[in-house]
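Peer 1:
Residue numbers (the numbering used here): 270 to 330.
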């Protein structure tokens, strides 16, 4: 399969909204982890979200 998620960008008055949609229902949790990693990167926070490790390297396959 080519790519895990479809990405849509919506412009707003204050920035943008990124919407990630898993291409396959079995990949939803993987797409959620990617989104949480992006959120931590962009916010500058190393705090784990929903029990995820703070180090992205621990999640790579």
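For every residue, glycine included, the Cβ atom is placed at its ideal position computed from N, Cα and C.
None of the values given here were measured: they were computed from a predicted structure.
Would you tell me roughly how many angstroms separate the C-alpha atoms of residue 323 and residue 287, rounded to the nearest one?
Peer 2: In this predicted model, residue 323 has a pLDDT of only 49, less than 50, meaning its place in the structure is not dependable; the value taken from the coordinates is given anyway. Each residue's Cα considered, the two are about 22 Å apart.
Peer 1: Return the chain-ordered ranges of every beta strand (DSSP E) run that is complete within the segment 272 to 310 and spans a minimum of 3 residues.
Peer 2: For the segment 272 to 310, whole beta strand (DSSP E) runs of length 3 or above, ordered along the chain, are 274 to 281, 284 to 291.
Peer 1: Can you give me the Cβ contacts of residue 278 inside the same chain, cut-off strictly under 7 Å, excluding the 5 residues immediately before and after it?
Peer 2: So the list reads 285, 287, once near-sequence residues are dropped.
Peer 1: I need the straight-line Cα distance from residue 294 to residue 313, nearest angstrom please.
Peer 2: One C-alpha to the other measures close to 30 Å.
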